[in-house]
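Per the numbering used here, residue 194 is the first one in the sequence shown, and the count goes up by one each step.
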Amino acid sequence: DGYYYMDVLGTKQKMVMPVAEMQQQLANQGSSNINFAESAVKDSVKEKVDDNTKISFTLDGSIMNDMLEQQMSSMLGSLGDADLTLSIGDIGFTVTLDANGNIKTTEMDYVYEMEMMGQSIKATAHATTEVVKVGGVTVDFPADLDSYQETDSSALA
194 DGYYYMDVLG TKQKMVMPVA EMQQQLANQG SSNINFAESA VKDSVKEKVD DNTKISFTLD
254 GSIMNDMLEQ QMSSMLGSLG DADLTLSIGD IGFTVTLDAN GNIKTTEMDY VYEMEMMGQS
314 IKATAHATTE VVKVGGVTVD FPADLDSYQE TDSSALA
């Protein structure tokens with residue numbers, strides 16, 4: 194219908210956005226989040242498991258930290274000299290592909306540490322995704338789309 198709908202922490206908004214523009218923004222966001230130098234890959238293994246292909250690799254935490262620092266400085270630039278340090282250890286990825294090359298599952302494991310204003314946190318993260326179905330997917334829209342408040346997209350720029 195030409196709108197981009199967002200439900201963020203219970204705040205429901207919509208803004209006019211042509212589908213082609215929305216697809217381009219999503220493509221740009223996705224690619225900016227996953228592009229990394231080949232030198233960031235420390236090791237990789239590809240193996241056949243039944244009809245599936247499993248690809249496992251490790252990303253060098255120090256290179257990923259540099260990328261994170263660049264992204265954080267651009268996002269947090271308005272905070273000035275905030276007392277914030279982040280550190281990510283090596284990141285382990287595993288991607289399982291089906292016989293047609295479609296992603297079935299992904300797994301990611303890493304440890305990160307953050308210190309801000311004298312407070313420290315260290316956490317281990319594990320994320321798993323599973324693609325339930327490829328092709329022939331239907332989407333059920335929320336029944337309350339008419340309650341979303343229209344927002345001027347120029348105000349977000």
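Where a beta carbon is used, it is the ideal one built from N, C-alpha and C, also for glycine. Being a predicted model, the structure only gives us computed values, none of them experimental.
Item, Value
"If you draw a straight line from the alpha carbon of glutamate 262 to that of valine 234, how long is it in whole angstroms?", "18 Å"
"Whose C-alpha, out of Asp236, Leu290, Asp253, is nearest the C-alpha of aspartate 243?", "Leu290"
"Do you know how far the Cα of tyrosine 341 is from the Cα of alanine 253?", "Position check: residue 253 holds aspartate in this sequence, whereas alanine was assumed. The alpha-carbon atoms of aspartate 253 and tyrosine 341 are separated by roughly 42 Å."
"Is it buried or exposed, serine 225, if we count other Cβ atoms within 10 angstroms and call 16 or more buried?", "Unreliable placement is indicated for serine 225, whose pLDDT of 44 sits below 50; the coordinate value is still reported in the next sentence. Exposed, because fewer than 16 other Cβ atoms sit within 10 Å of the Cβ of serine 225."
"Using DSSP with H/G/I as helix, E/B as strand and the rest coil, what is glycine 254?", "helix"
"Using the DSSP secondary-structure output, state which residues sit across from phenylalanine 334 in a beta bridge.", "Per DSSP, none; premise fails for phenylalanine 334."
"Just curious, the beta strand (DSSP E) that methionine 301 is in, first and last residue?", "296–309"
"With distances taken from CA atoms, which of Thr322, Thr317, Thr298 is nearest isoleucine 284?", "Thr317"
"Can you check DSSP and say which residues form a bridge with asparagine 245?", "Val242"
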